[in-house]
Structures are given as structure tokens and as C-alpha cells.
Amino acid sequence: MRVLLVGAGGVGTAVTRIAARRPFFEAMVVADYDPARAEAAVAALGGDDRFHAERVDASDETAVTELLARHRCDVLLNATDPRFVMPLFRAARAAGATYVDMAMSLSRPHSEKPYEECGVKLGDEQFALAREWEEAGALALVGMGVEPGLSDVFARYAADELFDEIEEIGVRDGANLTVEGYDFAPSFSIWTTIEECLNPPVVYEEDRGWFTTEPFSEPEVFDFPDGIGPVECVNVEHEEVLLMPRWVDARRVTFKYGLGGEFVDTLKTLHQLGLDRTTPVTVPSPSGPVAVSPRDVVAACLPDPATLGERMHGKTCAGTWVKGVKDGAPREVYLYHVVDNQWSMAEYGSQAVVWQTAVNPVVALELLATGAWSGAGVLGPEAFDARPFLDLLTAYGSPWGLREQ
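In this text, residue positions in the sequence shown follow our numbering: the first is 11, and each later residue adds one.
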């Protein structure tokens with residue numbers, strides 16, 4: 011397997027550090043718009059000659075296609091933010107490469123009823139091209155991070171091995187992470203966080219299909235394992251709700267994120283000020299008027315999440331709560347994966363949230379390389395057998411857990 015990794019930020023760099031310990035691939039080209047980031051990621055691996063740094067503009071489909079061909083890469087792993095999903099997705103198809111991402115194509119709210127009906131849903135642009143991929147015998151594995159990704163694997167595992175009928179699947183994400191020296195320092199890309207938290211959340215119900223609600227709706231307190239404890243969680247737009255019902259039978263699917271009151275208030279303020287917008291505004295500068303995206307300005311003013319590991323303390327938990335029936339009796343379980351920042355920093359030099367995101371696509375790549383996973387079309391993690399993934403994740407030194415509720 012020869013991999014083109016596009017994006018050498020926090021998650022991309024963590025991908026290289028995890029992959030470097032595994033023998034399943036022949037080469038990994040690490041490409042970024044900023045060549046210094048790609049070079050730094052490769053240099054940190056201590057001379058592993060399977061890795062090579064390149065510069066590429068992720069929005070330039072032709073350049074990405076040519077890079078895939080030049081390095082004879084048969085897989086493109088997308089570690090950029092969701093703005094670049096579609097050009098990278100199309101470039102992989104043009105080059106005849108397998109495509110893997112951790113977040114799907116962007117949504118657009120309904121023009122008249124944004125908090126009732128779906129407009130363009132997450133992943134719609136990719137699924138619209140599913141027949142083209144299937145007819146070519148090519149695979150696009152979408153939403154293969156931690157959430158979406160591992161959470162979807164948990165849903166498939168629950169459906170196959172833990173339940174006869176599923177009433178509800180609820181992805182629940184929480185943490186007790188703190189960052190020294192910062193009052194507000196997101197542990198993941200603020201650009202993506204704003205996108206998913208301020209868009210209308212999507213809920214799935216069997217008799218209604220997909221529909222939307224108000225941001226931060228239906229608050230609940232969820233008790234997270236491994237000492238994290240109770241965290242208030244709210245509805246947030248996320249890919250799992252769009253993926254799970256395609257392959258897993260459940261009467262209801264939700265995603266709730268443990269953001270905390272202060273974080274929610276900050277996001278609401280950004281929205282009120284228009285600082286969540288992506289449409290450029292013109293601002294003065296010493297060299298004349300400059301068009302800038304308000305959201306890009308917010309991102310530039312905050313610390314890079316990849317650099318916060320040394321200041322970060324605590325654990326992050328990703329997991330899937332499932333309620334249903336097994337052998338005629340009601341059952342509830344929470345399948346989860348916890349990463350302690352102290353461990354991920356000591357073991358890999360990557361902070362917990364980016365490491366937890368990065369490990370899952372590497373596990374998936376290894377399953378594809380060995381043939382344990384295979385398929386054609388635009389497929390989510392739920393389309394594959396969960397057991398090989400969960401076993402290999404444990405073999406990577408990062409076991410998962412199951413708690414009866």
C-alpha cells in the first residue's frame with residue numbers, strides 16, 4: 011500500500027507517528043499547503059524512509075491527482091478540514107485511488123425551515139457519486155475518524171453481537187480536559203467545531219427520517235467512564251446520524267457533545283457577532299483592503315490545538331450508547347474509547363483528541379491493506395465487520411470498553 015496523506019496538522023502528524031510503528035504500507039507521502047509542516051512531520055520520524063514530504067494545495071484537484079500518480083499512491087487519506095473533502099474525493103476517483111476521510115462533505119441548512127427540515131446533509135455530495143465509485147469497483151471509506159468512525163464501528167458491533175432489536179443509538183462524547191494558561195482553547199480545529207456546533211443538528215427517527223432541531227437542543231447529563239464523570243451533552247450536527255441509518259437498523263439516532271456551558275456561550279457569541287461566517291469580508295490593511303473570512307480570523311487568533319499537549323490535562327471519551335432488546339429482555343450499553351492526554355503525549359507526543367482521531371484511519375488502512383476490509387462504492391464504517399477493527403485497535407495498545415447501563 012502506498013498512501014498519500016493530505017494534511018500535516020495535528021491529526022495528520024499523529025497519523026504519521028502511529029503509522030510509523032506498523033509494517034503494513036510501503037510508502038506514505040505527507041503533503042500540506044505549508045511544506046514546512048509536512049517536512050516537520052516527516053523529520054520527527056527519525057529517518058523512516060517510507061515517508062516523504064511534499065507541498066500540495068488541497069483545493070487543486072489536478073495537482074492532487076498528479077501527486078497521486080507521481081508517487082504511485084493507491085490510497086488518499088484526507089486529514090484536512092471539511093472544506094477540502096470534495097476536491098480530494100474527486101481527485102482520488104480521477105487517479106483510481108481508494109479514498110479515506112474523517113469528516114464528510116459540508117451541509118447547507120434548509121433555506122426556509124433550518125430548524126425543522128434538512129437542506130443539503132453532511133455527505134450528500136459524496137453519496138451522490140456513489141454509483142460512479144461502485145461501477146468502477148473503487149472504494150471511498152468516509153467518516154473514518156473517531157466520531158464519525160469508531161463510534162460507527164461500535165454501532166455495527168452492537169447490531170451484530172449485542173442486540174436483537176435497537177431502539178436508539180446515541181453517540182455521546184465528553185471529556186474533562188483542561189488547558190493551562192488559556193481561558194478558551196479548543197482541543198480540536200475551531201473551524202470544524204464552529205461548523206458542527208452552530209449548524210442545525212440532525213436527528214434520525216425511523217418513521218420520520220432525518221430532521222433538524224435548534225443548536226444545543228435536548229440537553230442531558232451523561233456519566234462518562236474512567237473518572238471523567240457527569241457532563242452535560244447537547245445535540246450537535248454530526249456525520250454518524252447521517253451514516254448509521256444507512257447500514258444499521260435503529261428507530262432513533264442522535265449525536266450529543268459534552269461542550270460545557272462556557273464553551274456554548276462562547277460559540278453563541280461568535281455567532282451573534284458574525285464571526286462564525288465563512289464568506290469573506292473586506293478589512294483595511296497597511297497594503298490596502300483585504301478580503302478575509304471571519305471564521306479564519308477566529309482560528310488564527312486561537313492556539314493551534316496540536317501545540318497544546320504539554321499544557322493539557324485529563325481524558326477524552328468517545329462512545330456510542332445503545333438501547334434495545336436482547337433475548338427478549340431490555341438492554342442498554344455504552345461502548346467507549348478513552349484516551350488519557352498524559353499517555354498519548356508520553357507515548358506519541360500527540361495530544362489526546364488529535365491522537366484519538368488519528369488512530370482510527372490508520373487501523374482502517376491496515377485492514378484494507380490486509381484484505382480484512384474490502385468493498386466498492388461510498389461506504390461508511392458501518393458497512394464493514396466491526397470485530398476485526400476492534401481487535402486491531404486493541405492490538406495498537408489502545409483498548410476499548412463496554413459498560414452495561
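Don't be surprised by glycine CBs; every beta carbon is placed ideally from N, CA and C.
This one's a predicted model, so the numbers in the text were calculated from it and none came from an experiment.
- Closest by C-alpha distance to Gly329, out of Gly153, Glu127, Gly184, is Gly184.
- DSSP, read as helix, strand or coil, puts Asp42 in strand.
- When the Cα atoms are used, Pro299 and Arg287 turn out to be separated by approximately 19 Å.
- Around the CB of Leu403, 16 or more other CB atoms lie within 10 Å, so the residue is classed as buried.
- If you check the CB distance, Val85 and Met11 come in under 8 Å.
- A Cβ-Cβ contact shorter than 8 Å links Thr223 with Val213.
- Secondary structure at Met114: coil, using DSSP grouped into helix, strand and coil.
- Here Pro296 carries a coil assignment [DSSP, helix/strand/coil].
- In the three-state reduction of the DSSP assignment, Tyr358 falls in the helix class, which pools H, G and I.
- A straight-line Cα-Cα distance of about 45 Å links Glu357 and Thr292.
- If you draw a 10 Å sphere on the C-beta of Cys327, you find 16 or more other C-beta atoms in it, and that means buried.
- According to the DSSP secondary-structure assignment, Arg65 is paired through a beta bridge with Asp42.
- A distance of 8 Å or more separates the beta carbons of Val335 and Gln415.
- Between the stretch 337-356 and the stretch 109-116 there are fewer than three C-beta pairs closer than 8 Å, too few to call the two in contact.
- When secondary structure is reduced to three states using DSSP, Tyr192 falls in the coil class, being assigned neither helix nor strand.
- Going by DSSP, Ile28 is part of the alpha helix (DSSP H) stretching over 20-29.
- Tyr267 counts as buried, since at least 16 other C-beta atoms from the protein chains shown sit within 10 angstroms of its C-beta.
- In the structure shown, the three-state DSSP call for Lys333 is strand.
- Here DSSP, grouped into helix, strand and coil, assigns Pro124 to coil.
- One thing to note: Pro391 has its Cβ within 8 Å of the Cβ of Asp162.
- By the criterion of a C-beta distance shorter than 7 Å, Phe234 is surrounded in its chain by Gly184, Val241, Cys327, once the five residues flanking it on both sides are discounted.
- For Asp174, no pairing in a beta bridge is given by DSSP.
- In chain order, Val308, Ala309, Leu312 place their CB closer than 7 Å to the CB of Ile200, counting only its own chain and leaving out the 5 sequence neighbours on each side.
- In the structure shown, the three-state DSSP call for Trp201 is helix.
- Distance from the Cα of Gly133 is smallest, within the candidate group His120, Asp193, Phe221, Leu116, for Leu116.
- Here the alpha carbons of Leu14 and Ala37 stand approximately 8 Å from one another.
- Here Thr264 carries a strand assignment [DSSP, helix/strand/coil].
- As DSSP reads the structure, Gly155 sits in a beta bridge with Gly159.
- Taking 8 Å as the cut-off, the beta carbon of Pro196 is found closer than this to the beta carbon of Pro315.
- Here the alpha carbon of Pro92 sits roughly 7 Å from the alpha carbon of Thr202.
- Per DSSP, the unbroken beta strand (DSSP E) holding Pro340 starts and ends at 339-350.
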